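**Q** Going letter by letter, the sequence shown gives residues 4 to 723 in my numbering.
Positions of the beta carbon are idealized from the N, C-alpha and C atoms, including for glycine.
Keep in mind it's a predicted model, so treat the numbers as computed, not measured.
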Amino acid sequence: MTSFDEPLKKVVGRSAAPLESALGISTVGELLRHYPRRYAQRGELTPIASLEHDEHVTVVAKVSSAVRRPMKNRQGTWLDIEVTDGEEKLHLAFFGKGAYVAEQRLTPGTEAMFSGKVSVFAGGRTRRVSLTHPEYESFDETEETAEEFASALVPIYPSGQGLPSWKIRRAVRTVLDVLSLDDPVPGEIRERLGLLPIEEALRRVHRPRSQADVGRSHDRLKFDEAFVLQAVLVRRRIAASAWLARARPGRDDGLLREFDKRLPFQLTDGQRQVGEEIAADLAREHPMHRLLQGEVGAGKTVVALRAMLQVVDSGGQAVLLAPTEVLAQQHHRSIVNMLGDLATGGMFGGTAVALLTGSMGAAARRSALLDAASGAAGIVIGTHAVLQEHVQFADLGLVVVDEQHRFGVEQRDALREKGGGGRPHVLVMTATPIPRTVAMTVFGDLEVSTLSQLPSGRAPITTHVVPAAEKPHFLDRAWQRVREEVGLGRQAYVVCPRIGDQEGDEGDLAKDDDERRPPLAVLDVARMLAEGPLAGLRIEALHGKLPPEDKDAVMRAFARGEIDVLVATTVIEVGVDVPNSSVMVIMDADRFGVSQLHQLRGRVGRGGLPGLCLLVSEAPEGTQARRRLDAVATTLDGFELSRVDLEQRREGDVLGAAQSGRKSSLKLLQLLRDEDVIETARTEATALLSADPELSAHPGLRAEIDTMVADERAEFLEKA
4 MTSFDEPLKK VVGRSAAPLE SALGISTVGE LLRHYPRRYA QRGELTPIAS
54 LEHDEHVTVV AKVSSAVRRP MKNRQGTWLD IEVTDGEEKL HLAFFGKGAY
104 VAEQRLTPGT EAMFSGKVSV FAGGRTRRVS LTHPEYESFD ETEETAEEFA
154 SALVPIYPSG QGLPSWKIRR AVRTVLDVLS LDDPVPGEIR ERLGLLPIEE
204 ALRRVHRPRS QADVGRSHDR LKFDEAFVLQ AVLVRRRIAA SAWLARARPG
254 RDDGLLREFD KRLPFQLTDG QRQVGEEIAA DLAREHPMHR LLQGEVGAGK
304 TVVALRAMLQ VVDSGGQAVL LAPTEVLAQQ HHRSIVNMLG DLATGGMFGG
354 TAVALLTGSM GAAARRSALL DAASGAAGIV IGTHAVLQEH VQFADLGLVV
404 VDEQHRFGVE QRDALREKGG GGRPHVLVMT ATPIPRTVAM TVFGDLEVST
454 LSQLPSGRAP ITTHVVPAAE KPHFLDRAWQ RVREEVGLGR QAYVVCPRIG
504 DQEGDEGDLA KDDDERRPPL AVLDVARMLA EGPLAGLRIE ALHGKLPPED
554 KDAVMRAFAR GEIDVLVATT VIEVGVDVPN SSVMVIMDAD RFGVSQLHQL
604 RGRVGRGGLP GLCLLVSEAP EGTQARRRLD AVATTLDGFE LSRVDLEQRR
654 EGDVLGAAQS GRKSSLKLLQ LLRDEDVIET ARTEATALLS ADPELSAHPG
704 LRAEIDTMVA DERAEFLEKA
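#1: Using alpha carbons as the reference points, say which of Gln-332, Leu-54, Glu-9 lies closest to Leu-184.
#2: Given a threshold of 16 other Cβ atoms within 10 Å of its Cβ, counted over all protein chains shown, does Lys-75 qualify as buried or as exposed?
#3: Which residue wins for smallest C-alpha separation from Ser-317, given the options Gly-27, Leu-632, Leu-259?
#4: When the Cα of Ile-171 is compared with those of His-37, Leu-532, Leu-236, which residue comes out closest?
#5: Which one of Pro-267, Lys-225, Asp-186, Asp-553 has the shortest CA to CA distance from Ala-700?
#6: So, do the stretch 189–198 and the stretch 17–31 have three or more beta carbon pairs nearer to each other than 8 angstroms?
#7: Can you check which of these residues, Pro-500, Met-116, Arg-287, is closest to Pro-521 by C-alpha distance?
#8: Enumerate in chain order the residues of its own chain whose CB-to-CB distance from Glu-114 is below 6 angstroms, with the five nearest sequence positions on each side excluded.
#9: Helix or strand or just coil, what does DSSP make of Glu-552?
#10: Among the candidates Pro-536, Thr-129, Thr-135, whose CA atom is the shortest distance from the CA of Gly-3?
#11: With a CB to CB cut of under 8 angstroms and the five nearest residues on each side skipped, what residues in its chain are close to Asp-479?
#12: Determine the extent of the beta strand (DSSP E) in which Val-498 is found, giving its start and end residues.
#13: Using 8 angstroms as the cut-off, can you tell me whether the stretch 635–647 makes contact with the stretch 479–492, which would need three or more C-beta pairs spanning the two stretches below that distance?
#14: Give me the DSSP bridge partner(s) of Val-403.
#15: Name the DSSP beta bridge partners of Arg-41, please?
#16: Taking the DSSP output, what are the residues bridged to Gly-165?
#17: Sort Leu-612, Pro-623, Val-581 by Cα distance to Leu-330 and report the nearest one.
#18: Specify the secondary structure class of Leu-330 as computed by DSSP and reduced to three states.
#19: Count the other CB atoms within 10 Å of the CB of Gln-446; is the residue buried (16 or more) or exposed (fewer)?
#20: Where does Ser-693 sit, in a helix, a strand or coil, going by DSSP?
#21: Quick check: what's the CA-CA separation for Asp-567 versus Gln-332?
#22: If I measure Cβ to Cβ from Ser-362 and keep anything under 6 angstroms in the same chain, skipping five residues before and after, which residues do I get?
#23: Contact check, Glu-678 vs Phe-230 under 8 angstroms by CB: the rounded distance?
#24: State yes or no: is the C-beta of Gly-385 within less than 7 angstroms of the C-beta of Thr-354?
#25: Between the stretch 298–312 and the stretch 451–458, can you find at least three pairs of beta-carbon atoms closer than 8 angstroms?
#26: Rounded to the nearest angstrom, what separates Lys-514 and Leu-618 at their Cα positions?
#27: Measuring straight from C-alpha to C-alpha, what distance separates Thr-573 and Phe-561?
#28: Is the stretch 234–244 touching the stretch 202–217 in the sense that three or more CB pairs, one from each, lie closer than 8 angstroms?
#29: Can you list, in chain order, the residues of its chain with a C-beta nearer than 7 angstroms to that of Ile-708? Leave out the 5 residues immediately preceding and following it.
#30: Pick helix, strand or coil for Glu-23, following the three-state DSSP scheme.
#31: For Asp-83, name the three-state secondary structure that DSSP assigns.
#32: Could you compute how far the alpha carbon of Val-70 sits from the alpha carbon of Pro-39?
#33: Is the Cβ-Cβ distance between Val-485 and Phe-477 less than 7 angstroms?
#34: Can at least three beta-carbon pairs, one atom from the stretch 430–441 and one from the stretch 216–224, be found at a separation below 8 angstroms?
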């Protein structure tokens, strides 16, 4: 029996080496899941007009002529073979012995597959597309069986340099000829859902006779991806339910009650409901694993703080983990301000709130570590520095992780292990709304709570696209609007993708094309504004490379109203709360992701003042980049924007960011389009693992899960 994790070299011999070097494929499963990108119809030729410069391609075309041409700079000739798709021409250049062989095999009328790197020369009205010394194989020369040759569909695989599609096809054929797999999906589930057995699905996807074969195989293979992933998450949930945690029920006369009495505003219905869910979880003797998602400004921090106070009232400690020092410092200031004398041990007791970051001074760091270890600090706020082994807690009862997408599963587990008397409860938060399918797929090991109602006093934010290249006077007007807001006593942000000439890009930037100028930098823009359109205003720069004390000083000055315009990178993306800021200008806005733009603009309109966000871009109208910006400008609904964001990103980007950055296991499954498949897989996986948690009766599925979990751990160890 051949297993998915069988080394490919044992089955295909020397053919395994180029597969590993070009595509990273080393096992039978990796090869069989390297699905065809498309299928060529015999007699149907590839559109040559669609070929792009420097692209590695496999094309199907027909030879129209073969001509020997003299060398320009030395004696001899080279072979120019012209092939066509019936409309456009592609030139193939062969030299030396290769030219002689090609001349014999590629005679006019021959239909073949050609693989190589595309060169495009465009001069005047002419466009010459060529491949130099391409690999090729005519259909008459293939080693296919008569049955395969009779098929109308020819699989074309994603290929790499020196590895044409047909060599992948030969390796797949060798594996399929000896295939004998233990199906990971039990027979009763396959029968109930009308799914093909795994071996038949793999044979149909790699050797289809019709498009119907492709469709049925995709149905089965999509379900496999969803089913195995959901089984991993269900198994995590089952394992977590068996862990013990110390119940943290709070008390009626504690800090939480006193904090609620002092709140200068009323909690929203959503905040109360989610708070009750979290309070009930904390009171149980099994660890809470909950995701709290909510719109920008929905009041997640207050909900998290109330949970932390419940744990402190129960004699435990809570830690809030933030992805950046700026955000950790902002959380520390915000929580200390909200607690007032409850954070300093006033007449009602209270608890110390410690800050712990990687670049703190030695004395401050020693003090924070001592407060955490002794229990003097009931609340500890920090960056990834809190994960280090030497950081100890007296009785860690709750871990709050802000911006979950910045931390992997293993990083959460590192904090869970610090719990002492049982595992701590875990609350993870994100202000990036998550489509339901992503919540089921990425966060399926967590219960999900959603805050969709904004607190009273949050003003609406108006967003406009500023087309700087098409209408430069619009940019002039943008700076006038900033001056007007500052003239009314308000403050502004200007966000740039980069720090300066010597620094790397920051943020969720699109990759630059060769023709695009470098992204605008904070230091350059701050200087330009101070010398030009915003001369006379108090302008400061903030970015991640500043020393921590300087970053903190700049943010404190901005919060006190001593800075009119803060020119910053995305360090102000989340958590920064300055109610007096009313306008934000985002430079090179097309270089940021949709969700990131939504997060950034959430920094304005927080104090009852109407918010204004201006998205400055040189992206031409009608381009995908411009359409993304238009989508952000037309809605404040983060859930709608999250779908737009996901539609424009690869599935692996979404899963990888949340699952330790590992290579995505999803090849065919699309999170937005296949919601019904994911829902069904979740239901079936839950029922199966509830009945057989150890999967003793389902070794095929257990092997698939073990492989996926091993990949996650290997990736985490590499990153560590």
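**A** In brief:
#1: Position 181 of the sequence shown holds residue 184. Nearest C-alpha to Leu-184: Glu-9.
#2: If you number the sequence shown from 1, residue 75 lands on position 72. When all chains shown are included, Lys-75 counts as exposed.
#3: Position 314 of the sequence shown, counting from 1, holds the residue named residue 317. Cα-wise, what sits closest to Ser-317 is Leu-259.
#4: Residue 171 sits at position 168 when you count from the first residue of the sequence shown. Closest by alpha carbon: His-37.
#5: As a working mapping, residue 700 is identified with position 697 in the sequence shown. If we check each option's Cα against that of Ala-700, Asp-186 comes out closest.
#6: no
#7: Locating residue 521 in the sequence shown gives position 518, counting from the first residue. Nearest C-alpha to Pro-521: Pro-500.
#8: Locating residue 114 in the sequence shown gives position 111, where the first residue counts as 1. Lys-65, Phe-142, listed in sequence order.
#9: The residue labelled residue 552 in the question sits at position 549 within the sequence shown. The answer is helix: DSSP assigns Glu-552 an H, G or I state.
#10: Any answer about residue 3 is impossible in this case: the structure gives the chain only from 4 up to 723.
#11: Position 476 of the sequence shown, counting from 1, holds the residue named residue 479. Correct list, in chain order: Pro-536.
#12: Here the question's residue 498 lines up with position 495 in the sequence shown. Its beta strand (DSSP E) spans residues 494–498.
#13: In this structure the stretch 635–647 does not lie against the stretch 479–492, because fewer than three pairs of beta carbons, one per stretch, are closer than 8 angstroms.
#14: Against the sequence shown, residue 403 aligns to sequence position 400. Val-403 pairs with Leu-323, Leu-430.
#15: Residue numbering aside, residue 41 sits at position 38 when the sequence shown is read from its first letter. Listed as beta-bridge partners of Arg-41 by DSSP are Ile-159.
#16: Taking the sequence shown and counting its residues from 1, one reaches residue 165 at position 162. According to DSSP, Gly-165 bridges with nothing at all.
#17: Here residue 330 is taken as the residue at index 327 of the sequence shown, counted from 1. Out of Leu-612, Pro-623, Val-581, Val-581 has the C-alpha closest to the C-alpha of Leu-330.
#18: The residue you call residue 330 lines up with position 327 of the sequence shown. Helix at Leu-330.
#19: By one-based count along the sequence shown, residue 446 stands at place 443. Here the sequence assigns Phe to residue 446, which means Gln is not the residue at that position. Buried.
#20: Here residue 693 refers to the residue found at position 690 of the sequence shown. Helix.
#21: For this step, residue 567 is matched to residue 564 along the sequence shown. For this step, residue 332 is matched to residue 329 along the sequence shown. Their backbone Cα atoms lie some 21 angstroms apart in a straight line.
#22: The residue labelled residue 362 in the question sits at position 359 within the sequence shown. Same-chain partners within the cutoff: Pro-551.
#23: To locate residue 678, count along the sequence shown from 1; it is residue 675. To locate residue 230, count along the sequence shown from 1; it is residue 227. Glu-678 to Phe-230, Cβ: 15 angstroms. No contact.
#24: In the sequence shown, counting from the first residue as 1, residue 385 sits at position 382. In the sequence shown, counting from the first residue as 1, residue 354 sits at position 351. No, they are not a contact pair.
#25: Yes: the two stretches touch, three or more of their Cβ pairs being nearer than 8 angstroms.
#26: Within the sequence shown, numbered from 1, the residue matching residue 514 stands at position 511. Within the sequence shown, numbered from 1, the residue matching residue 618 stands at position 615. Note that Lys-514 scores a pLDDT of 42, beneath 50, so its modelled location is shaky; the value from the coordinates is reported in the next line. Whole-angstrom Cα-Cα distance: 19 angstroms.
#27: Start at 1 with the first residue of the sequence shown, and residue 573 comes out as number 570. Start at 1 with the first residue of the sequence shown, and residue 561 comes out as number 558. Rounded to whole angstroms, Thr-573 to Phe-561 spans 16 angstroms at the Cα level.
#28: no
#29: Translated into positions along the sequence shown, residue 708 becomes position 705. Around Ile-708: Val-231, Ala-234, Val-235, Arg-238.
#30: Working through the sequence shown from its first residue, we reach residue 23 at position 20. Here Glu-23 sits in helix by DSSP.
#31: Taking the sequence shown and counting its residues from 1, one reaches residue 83 at position 80. Correct three-state label for Asp-83: strand.
#32: Reading the sequence shown from its first residue, position 67 is the one you call residue 70. Reading the sequence shown from its first residue, position 36 is the one you call residue 39. If I take the Cα positions, the gap works out to 34 angstroms.
#33: For the purposes of this step, residue 485 is identified with residue 482 of the sequence shown, where counting begins at 1. For the purposes of this step, residue 477 is identified with residue 474 of the sequence shown, where counting begins at 1. Not a contact, by the Cβ cut-off of 7 angstroms.
#34: The stretch 430–441 vs the stretch 216–224: no contact.
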